[in-house]
Structures are given as structure tokens and as C-alpha cells.
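Undergrad:
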Amino acid sequence: MDKAIVNLEPEVIEVFGHIKAGDNFLLSGGAGSGKTYSLVQVIQEALRRDMHAKIACITYTNAAVREIQERIDNDRLTVSTIHDFLWDNISPYQKEMKAVLVDLLNAPEPLIKMSDVVDAAYFEEKKIQYKEYLLIREGIISHDELLIVAEAMFSQYPKLNDIMKDKYRYVFIDEYQDTNPRVVRIFLESLKKSARITTVGFFGDSMQSIYDDGIGSLEYYIATGDIKEVKKAQNRRNPRLVYKLANRLRTDGLIQEASKDLSAPNMSGGVVKEGVVRFLYSYGDTDELDKAKSELDWDFTDVHETKELDLTHNLIAPRAGFEHLIQIYDGDKIIDYRNRVTKYIKDKGIDKNYSGMTFGQVVDELLAGKTAKEQKPILPTAGMQAFISQNPALFEEAKGYPFDEFRKLYIDKDMLLDDKKQDDLEQTDKETQRDNLIKHMFKIQTLIALYEERRFNEFVRKTEYKISSVADKNRIKGYIDKLKSMSDCIVEDVINYAHETGLCICDDKLSEFIENKRYLYNRVAKVRFEEFQKLYTYLEGRTVFSTQHKIKGAQYDRVLVVLDNGNWSKYSFQYLFEGTGTESVILRTQKLFYVCCTRAKENLAVYYHNPTETVLRKAKEWFGNDNVVLVT
Numbered sequence: 239m240d241k242a243i244v245n246l247e248p249e250v251i252e253v254f255g256h257i258k259a260g261d262n263f264l265l266s267g268g269a270g271s272g273k274t275y276s277l278v279q280v281i282q283e284a285l286r287r288d289m290h291a292k293i294a295c296i297t298y299t300n301a302a303v304r305e306i307q308e309r310i311d312n313d314r315l316t317v318s319t320i321h322d323f324l325w326d327n328i329s330p331y332q333k334e335m336k337a338v339l340v341d342l343l344n345a346p347e348p349l350i351k352m353s354d355v356v357d358a359a360y361f362e363e364k365k366i367q368y369k370e371y372l373l374i375r376e377g378i379i380s381h382d383e384l385l386i387v388a389e390a391m392f393s394q395y396p397k398l399n400d401i402m403k404d405k406y407r408y409v410f411i412d413e414y415q416d417t418n419p420r421v422v423r424i425f426l427e428s429l430k431k432s433a434r435i436t437t438v439g440f441f442g443d444s445m446q447s448i449y450d451d452g453i454g455s456l457e458y459y460i461a462t463g464d465i466k467e468v469k470k471a472q473n474r475r476n477p478r479l480v481y482k483l484a485n486r487l488r489t490d491g492l493i494q495e496a497s498k499d500l501s502a503p504n505m506s507g508g509v510v511k512e513g514v515v516r517f518l519y520s521y522g523d524t525d526e527l528d529k530a531k532s533e534l535d536w537d538f539t540d541v542h543e544t545k546e547l548d549l550t551h552n553l554i555a556p557r558a559g560f561e562h563l564i565q566i567y568d569g570d571k572i573i574d575y576r577n578r579v580t581k582y583i584k585d586k587g588i589d590k591n592y593s594g595m596t597f598g599q600v601v602d603e604l605l606a607g608k609t610a611k612e613q614k615p616i617l618p619t620a621g622m623q624a625f626i627s628q629n630p631a632l633f634e635e636a637k638g639y640p641f642d643e644f645r646k647l648y649i650d651k652d653m654l655l656d657d658k659k660q661d662d663l664e665q666t667d668k669e670t671q672r673d674n675l676i677k678h679m680f681k682i683q684t685l686i687a688l689y690e691e692r693r694f695n696e697f698v699r700k701t702e703y704k705i706s707s708v709a710d711k712n713r714i715k716g717y718i719d720k721l722k723s724m725s726d727c728i729v730e731d732v733i734n735y736a737h738e739t740g741l742c743i744c745d746d747k748l749s750e751f752i753e754n755k756r757y758l759y760n761r762v763a764k765v766r767f768e769e770f771q772k773l774y775t776y777l778e779g780r781t782v783f784s785t786q787h788k789i790k791g792a793q794y795d796r797v798l799v800v801l802d803n804g805n806w807s808k809y810s811f812q813y814l815f816e817g818t819g820t821e822s823v824i825l826r827t828q829k830l831f832y833v834c835c836t837r838a839k840e841n842l843a844v845y846y847h848n849p850t851e852t853v854l855r856k857a858k859e860w861f862g863n864d865n866v867v868l869v870t
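Start counting the sequence shown at 239; every next residue gets the next number (the working numbering).
1) Taking D443 as the reference, which of R434, T417, K431 and T436 has the closest Cα?
2) Contact between the segment 387-395 and the segment 336-351 is defined here as three or more beta-carbon pairs at a separation below 8 Å; is this criterion met?
3) Decide if the segment 797-813 is in contact with the segment 458-466; the criterion is three or more beta carbon pairs, one per stretch, under 8 Å apart.
4) Is there contact here, the segment 837-856 with the segment 517-528, by at least three beta-carbon pairs under 8 Å?
5) Suppose you measure from the CA of A624 to the CA of P503; what does that come to, to the nearest Å?
6) My output table needs one value for L492: the three-state DSSP class, helix, strand or coil.
7) Does the Cβ of Q613 have 16 or more other Cβ atoms within 10 Å, making it buried, or fewer, making it exposed?
8) What does the alpha-carbon distance come out to for the pair K364 and Q332?
9) How should G817 be labelled, buried or exposed, when 16 other C-beta atoms within 10 angstroms of its C-beta is the threshold for buried?
10) Between which two residues does the alpha helix (DSSP H) carrying Y846 extend?
11) Please state whether DSSP places K241 in a helix, a strand or coil.
12) Please go through the same chain and pick out, in chain order, the residues whose beta-carbon is closer than 7 Å to the beta-carbon of D585, but skip the five residues on each side of it.
13) Would you decide whether W536 is buried or exposed? Buried here means 16 or more other CB atoms lie within 10 Å of its CB.
14) Among residues of its own chain, excluding the 5 on either side of V317, which ones have a beta-carbon nearer than 6 Å to its beta-carbon?
15) Y406: buried (16+ other C-beta within 10 angstroms of its C-beta) or exposed?
16) Around the Cβ of N712, are there at least 16 other Cβ atoms within 10 angstroms (buried) or fewer (exposed)?
17) Looking only at its chain, what residues have a beta carbon closer than 8 Å to the beta carbon of Y360, apart from the 5 residues adjacent to it on each side?
18) Candidates D661, K681 and V732: which alpha carbon is nearest V791's?
19) Are A530 and F783 touching if we call contact CB-CB under 9 Å?
20) Would L604 be called buried (16 or more neighbouring beta carbons within 10 Å of its own) or exposed?
21) Would you decide whether K808 is buried or exposed? Buried here means 16 or more other CB atoms lie within 10 Å of its CB.
22) Can you tell me whether A709 is buried or exposed? The criterion is at least 16 other CB atoms within 10 Å of its CB, across all chains shown.
23) Taking its Cβ as the centre, do 16 or more other Cβ atoms sit within 10 Å of V280, making it buried, or is it exposed?
24) Helix, strand or coil for G442 per DSSP?
25) Grab me the residues of G862's own chain with a C-beta within less than 6 Å of its C-beta, minus the 5 sequence neighbours each way, in chain order.
26) Y832: which of S432, L343 and L547 sits nearest, CA to CA?
27) Quick one: grab the DSSP three-state call for T684.
28) Please classify N712: does DSSP put it in a helix, a strand, or coil?
29) Between A269 and T836, how many whole angstroms is the CB-CB distance? I'm expecting something under 8 Å.
30) What's the gap between the Cα of E362 and the Cα of I718?
31) Residues in the same chain with beta-carbon distance under 6 Å from K431, minus the five sequence neighbours each way, listed in chain order, please.
32) Nearest to S489 by alpha carbon, out of L527, Y368 and Q446?
33) Where A284 and A291 are concerned, what is the direct C-alpha to C-alpha distance, given to the nearest angstrom?
34) What ranges does the alpha helix (DSSP H) occupy inside the segment 454-533, keeping only unbroken runs of at least 4 residues that lie completely in it?
35) List the endpoints of the continuous beta strand (DSSP E) containing R576.
36) Below 7 Å CB to CB, which residues in the same chain sit around C744 once its five sequence neighbours on both sides are set aside?
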């Protein structure tokens with residue numbers, strides 16, 4: 239036997255058996271099984287066995303790219319996200335890309351839409367570009383469109399498949415379950431058109447497919463023989479009680495067991511750690527989450543090893559201290575009403591120039607002369623009216639805005655919350671979707687944070703204030719002290735003070751934001767600065783809070799999962815525990831719950847407010863009678 243194989247995992251040896259037989263493969267394993275460890279072994283062994291082989295490793299996030307690059311340093315290995323990989327492979331072929339794009343735009347049921355019919359000459363003077371945003375008229379495509387264009391190109395131009403296979407002997411795709419079906423079709427269907435030899439390997443877990451645009455499972459391709467599956471049953475992360483619970487949640491029959499590797503993280507003294515699992519619950523009108531946290535006696539200031547997981551940012555916001563901000567970006571019913579009015583105009587085909595009219599005047603004109611029944615689609619819904627009644631001054635302000643301006647105002651919570659870090663050590667390098675007002679406030683708070691942390695070189699690079707003397711340094715200290723004391727002031731006062739002192743100048747981007755989005759600016763400008771500071775702390779990963787989707791791929795000593803749907807109908811923890819309700823909702827919730835529970839390296843706790851008796855029976859079945867505890 240080859241001595242280099244001795245230390246390989248059994249599953250990795252099995253993978254190379256499939257490679258030798260000329261098969262593509264799938265290495266599947268539950269959470270904590272060490273799939274990334276196996277991926278690294280497969281890459282290293284492939285590089286060792288074939289001194290000329292080039293390998294592409296495709297991962298889901300930039301963070302995962304960095305992790306692989308840190309583990310393997312080899313110039314024959316290319317590691318990238320799927321979007322970057324596909325763009326690198328199709329971007330040199332602009333002529334073909336333009337032809338495909340024109341076909342897609344002019345299709346009877348176009349997957350990419352543009353208001354006008356275009357021909358090949360339309361893009362002749364343009365270069366097709368891939369950006370964070372979509373601007374088809376200028377030849378700019380974004381994430382979703384890139385996948386559509388790439389699939390079409392690999393399907394229509396077989397030479398592309400030859401070129402990719404010539405470049406890479408192996409293509410390994412990590413977290414396959416989150417990969418878009420279009421991408422899977424490129425690698426398992428389009429590449430078949432080339433007679434050249436390239437092995438495609440997938441790594442992942444169908445039980446952890448928690449994103450809507452992922453393929454979820456490769457069962458179809460396993461059934462057709464396009465890939466051979468290797469199952470990895472060991473668990474290297476979780477203590478016994480946690481992975482036993484996880485086994486009860488799985489739907490595919492994969493049963494995890496303790497690792498035989500005595501050096502695995504979940505082993506101690508030659509045996510697997512026992513761990514702790516608890517199901518805490520309470521009854522009544524008042525949520526007793528704080529009491530439940532006291533019952534646990536965990537250190538909730540340890541943001542690196544303790545996490546509280548909620549389904550949505552909206553559920554986190556009140557506890558993290560930025561409730562008003564998230565209501566502005568994700569709960570403004572006046573904006574919803576504006577959308578209702580504009581939809582009515584579009585649906586009715588009303589062709590009128592509303593230039594010079596305010597939003598309020600447009601509404602009045604639409605309502606004029608109509609019966610009560612005819613007015614109903616134009617009037618606010620009950621929920622919208624409740625919000626308007628609570629915010630009469632805000633509604634009056636909205637009615638006074640020019641309709642042409644107000645109808646274009648776009649507000650989305652990603653403009654506030656995009657690019658959240660899991661912890662303060664995480665690096666982010668993608669272009670954030672935060673709007674220019676939030677970016678400006680971030681710059682101000684970053685200056686405060688850098689000064690407090692005595693990171694003066696970074697501070698100097700980020701401030702517009704020119705420092706040339708000791709007096710300047712003393713003035714800056716006074717300015718920062720003043721900003722720190724302005725927590726009770728409104729955001730607008732802080733922006734003005736930072737501008738007047740020269741610490742953070744109001745640039746053209748902010749001025750343009752204020753001019754074009756006056757309604758949104760006026761709302762945020764009146765929020766207390768302290769609330770923005772708490773938002774900053776949350777987004778920089780300096781709190782224990784995380785959404786349940788964001789936690790995927792991470793691991794912590796102590797994990798608290800809060801089972802509250804937050805009015806999100808796609809999920810129902812009650813359905814999950816009771817086994818009733820819509821099957822798709824149950825499965826979606828089950829996978830998310832599985833991901834959350836398996837983040838725990840030592841202690842796992844779950845909190846449920848007002849459970850039914852059926853929910854409690856299932857909790858006792860899953861967690862054990864002694865581990866289901868009433869919080870009073």
C-alpha cells in the first residue's frame with residue numbers, strides 16, 4: 239500500500255477509488271463531520287498523485303475561500319466563489335456572451351428582462367461586466383444573471399467545456415447543497431459534451447440546505463449514476479447529546495457516531511464528550527427569555543463562544559437596541575401604502591403625467607368621484623391605516639412630497655443590515671448594500687472606535703481632519719470625547735458636528751442621498767445616536783446575537799436557539815414539533831433547526847414560549863424528560 243495513503247480518512251480513500259474508476263463523486267456528511275477536513279485531504283492527495291494536475295475548488299463564501307487558501311498553499315490550486323469562478327471562465331468570450339445575452343433578453347419568456355427588444359448591435363460598443371448591481375442597458379449583469387448567462391454559454395458553446403476541462407483536472411465544489419441548480423447542470427450535464435477528462439467532486443450535506451436558491455440534494459444525479467456517493471458518518475465537533483439530538487432531526491437516514499480519531503475536537507480522555515442539551519419553556523403573556531438565560535448561567539458577554547440565535551433581525555433588534563432603525567427600513571407601512579397606490583396606477587393602465595403633483599394630491603385625484611367600493615383598492619389596508627394613525631405627522635409629510643420623487647424611493651433592510659459580521663475577527667471584502675447614510679454613520683462610529691482602541695494610524699487614514707501638531711491631536715481628543723457624549727443626541731446633530739469639526743465631512747454621496755431620499759433621511763436623522771451605536775456593535779459582530787441563517791458554518795461552546803417564527807410564514811417551530819401543517823414549511827424549519835443545534839461544541843439550549851402539550855411531548859422525546867425545564 240502507498241505509504242501516503244495510510245493517514246488518509248477511509249472516506250477519502252473511497253473517494254479516490256471512484257476517481258480511479260472515472261466517476262464523479264459526492265462526499266456527504268452531517269454537521270460537524272469534518273467535511274472541510276476531508277476536502278483538504280482530497281485536494282492535497284490529488285496534488286500529490288498528479289504532479290501536473292490543476293485543481294479548482296469552489297466554495298460558497300469569501301470566508302470559506304480564505305479558509306481553504308490558509309490550509310493549502312499551492313500554485314496549482316485555484317480557490318474562488320462560484321460566481322467568480324464562472325465569470326473568470328466566460329468573461330474573455332465577449333462576442334459569445336453578447337449573443338447569449340441578446341437571445342435571453344428576446345426569448346418568449348425571458349429569464350433576464352429589459353423593456354426594449356434588442357439586437358446584437360445594441361451591445362456592440364459595450365463590454366459586458368459583472369457587478370454587485372444590475373444595469374442591463376449598460377451591459378452590467380449581477381449575481382443571478384451571471385448564473386443564467388453562464389449556463390446558456392456552456393450549453394450553446396461546447397468549446398467552453400473543452401477549455402474548462404483543459405484547465406482543470408479536478409473541480410471540487412464545497413457546500414454543494416447551497417449551489418444553484420444551474421451551476422450543477424453546468425458541471426454534471428454541459429461538461430459531458432467534452433470528451434476530455436475532468437473529475438467533479440461535491441462536498442456537503444443535504445440536511446443543511448437552508449437557502450431557497452440552492453439545489454438541496456443531488457439524489458437525481460446519484461440515481462442516474464452521474465455521481466457516486468460516499469457517506470461520512472463520524473462527528474468531530476459535537477458532544478454526544480448534541481449529535482444524538484441531531485440524528486433524530488435528520489430525514490435521510492444518515493446516523494452520526496463518535497469519531498475514531500482521539501484527537502477530534504469533541505473527544506476528551508479517549509471518549510467523546512457528553513455535553514449538555516436543554517429545552518427551556520415558559521407560559522404567559524410575558525416572554526421569559528431573560529429568565530431562561532439566567533437559568534443557563536452562561537457568560538453572555540463572551541461573544542466569541544456564546545451565541546443567541548433568532549430567526550430574524552427584527553426579533554433581535556429590540557434586544558440589541560436598534561428597534562426604531564429596523565422599523566424604518568423594514569416596517570414603514572406608509573411606504574407599503576405608496577406601493578399600493580403605484581401598483582393600482584400600473585394595474586389600471588392609467589397613463590397620466592403626474593409631474594408637479596404631490597403624493598397626497600395623486601391619492602385625492604384617484605379617489606375623487608369613486609364609490610366606496612371603487613375606492614377600496616386605493617385606500618390603505620387595515621395594517622397600513624393602523625400605522626398611519628400612529629404616525630399622523632409622518633403621513634402628512636409623505637403626502638407633501640412630489641409624487642415622481644416619492645414613487646422612486648426604495649427602502650430595504652439590506653440597506654441597513656447587509657454585510658453583518660459573525661464576530662469582530664471576521665473579514666469582509668464584498669461591496670456592501672448599506673445605503674450612503676448608514677455608510678456615513680458607520681464612518682463616524684468607526685472613527686470613535688478606532689480612537690478608543692488607540693489604533694491611531696488607522697484613525698488618521700480614515701478621518702478628513704489634517705493632523706500637523708500636538709494642538710491638533712488635543713483638539714481631536716476633545717472632538718471624540720464630545721461625540722462619545724452625544725449618545726442621547728439625534729443622528730443629524732452627530733452628522734453636523736462631525737462635519738463642522740472636520741472629522742467626517744458630508745461628501746457628495748451623502749448630499750445626494752439627502753436630496754433624493756429626503757423622506758428616509760428625515761426619519762433616520764431623528765433617531766438617537768445611541769441606537770445607531772448599538773446597531774454598529776451588532777453588525778460588527780460584537781454581540782452574542784445572530785440570525786439562524788447567518789450562523790451556518792460556525793461553531794461555539796454555548797448556543798441558545800430561540801424558537802420564535804417572528805410572523806415569518808415560511809417557518810413554523812410549532813409545525814416542526816407537532817408534525818402538522820404544510821410539509822414544505824416543516825422540512826424548511828427542520829433543516830434550519832438542525833443547523834442551529836449542531837453549532838454547539840459543549841452546551842445547547844433551546845427556548846420556546848407558550849408551547850402546546852404536543853410540542854412538549856416531542857421536546858421530551860428529542861431532549862429527554864429531565865432536560866425539558868419550565869422557566870418561572
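Beta carbons are placed, not taken as given, at the ideal position from N, Cα and C, and that holds for glycine.
TA: On the basis of the data shown:
1) Working through the sequence shown from its first residue, we reach residue 443 at position 205. Of R434, T417, K431 and T436, the residue nearest in Cα terms is T417.
2) yes
3) no
4) yes
5) Numbered from 1 along the sequence shown, position 386 holds the residue referred to as residue 624. Numbered from 1 along the sequence shown, position 265 holds the residue referred to as residue 503. Going by the C-alpha atoms only, they are around 53 Å apart.
6) The count along the sequence shown starts at 1 and reaches residue 492 at position 254. Of the three classes helix, strand and coil, the one that applies to L492 here is coil, per DSSP.
7) Counted from its first residue, the sequence shown places residue 613 at position 375. Exposed is the call here.
8) In the sequence shown, the residue the question calls residue 364 occupies position 126. In the sequence shown, the residue the question calls residue 332 occupies position 94. Going from the Cα of K364 to the Cα of Q332 covers about 10 Å.
9) Residue mapping note: residue 817 aligns to position 579 of the sequence shown, counting from 1. G817 comes out exposed.
10) Within the sequence shown, the letter at position 608 stands for residue 846. Element bounds for Y846: not the alpha helix (DSSP H) but the beta strand (DSSP E), A838 to H847.
11) Numbered from its first residue, the sequence shown carries residue 241 at position 3. At K241 the pLDDT is 41, less than 50, meaning the model places this residue with poor confidence; the figure from the coordinates comes in the next sentence. Helix.
12) Position 347 of the sequence shown holds residue 585. Within the same chain, D585 has no close Cβ partners at all.
13) Sequence index remark: in the sequence shown, residue 536 carries index 298 (1-based). Result: buried.
14) Position 79 of the sequence shown holds residue 317. Correct list, in chain order: C295, V303, I306 and Q307.
15) Counting from 1 along the sequence shown, the entry for residue 406 is found at position 168. By the 10 Å Cβ count, Y406 comes out buried.
16) The residue labelled residue 712 in the question sits at position 474 within the sequence shown. Per the 10 Å Cβ criterion, exposed.
17) Looking up residue 360 in the sequence shown gives position 122. Cβ within range, chain order: V340.
18) If you number the sequence shown from 1, residue 791 lands on position 553. First, the residue type needs correcting, since residue 791 is Gly and not Val in the sequence shown. Comparing Cα positions, the closest option is D661.
19) Within the sequence shown, residue 530 is the residue found at index 292, counting from 1. Within the sequence shown, residue 783 is the residue found at index 545, counting from 1. For A530 and F783, no; Cβs fall outside 9 Å.
20) As a working mapping, residue 604 is identified with position 366 in the sequence shown. The residue is buried, with at least 16 neighbouring Cβ atoms inside 10 Å.
21) Residue mapping note: residue 808 aligns to position 570 of the sequence shown, counting from 1. The residue is exposed, with fewer than 16 neighbouring Cβ atoms inside 10 Å.
22) Counting from one through the sequence shown, the residue named residue 709 turns up at place 471. Flag for A709 reads exposed.
23) As a first step, residue 280 must be located in the sequence shown, where it is residue number 42. So V280 counts as buried.
24) Walking along the sequence shown from the start, residue 442 turns up at place 204. In the structure shown, G442 sits in a strand (DSSP, three-state: E or B).
25) For the purposes of this step, residue 862 is taken as residue 624 along the sequence shown, with counting starting at 1. For G862, where only same-chain residues beyond five positions count, there are no Cβ hits under 6 Å.
26) As a first step, residue 832 must be located in the sequence shown, where it is residue number 594. When only C-alpha atoms are compared, the closest one is L547.
27) For the purposes of this step, residue 684 is taken as the residue at position 446 of the sequence shown. Here T684 sits in helix by DSSP.
28) Residue numbering aside, residue 712 sits at position 474 when the sequence shown is read from its first letter. Reduced to three states, the DSSP call for N712 is helix.
29) Here residue 269 corresponds to residue number 31 of the sequence shown, with the count starting at 1. Here residue 836 corresponds to residue number 598 of the sequence shown, with the count starting at 1. Confirmed, about 3 Å.
30) Looking up residue 362 in the sequence shown gives position 124. Looking up residue 718 in the sequence shown gives position 480. Cα-Cα distance, rounded: 53 Å.
31) For the purposes of this step, residue 431 is taken as residue 193 along the sequence shown, with counting starting at 1. Same-chain partners within the cutoff: P396 and N399.
32) Indexing the sequence shown from 1 puts residue 489 at position 251. Here residue 489 is Thr; the residue named in the question, Ser, does not match the sequence. Ranking L527, Y368 and Q446 by Cα distance to T489 puts Q446 first.
33) The residue given as residue 284 occupies position 46 in the sequence shown. The residue given as residue 291 occupies position 53 in the sequence shown. Near 8 Å, if we compare the C-alpha coordinates of A291 and A284.
34) 457-462 and 478-487
35) On the sequence shown, position 338 is the one that residue 576 refers to. Careful: R576 lies outside any beta strand (DSSP E), inside the alpha helix (DSSP H) at K571 to D585.
36) Indexing the sequence shown from 1 puts residue 744 at position 506. Here the set comprises I733 and H737.
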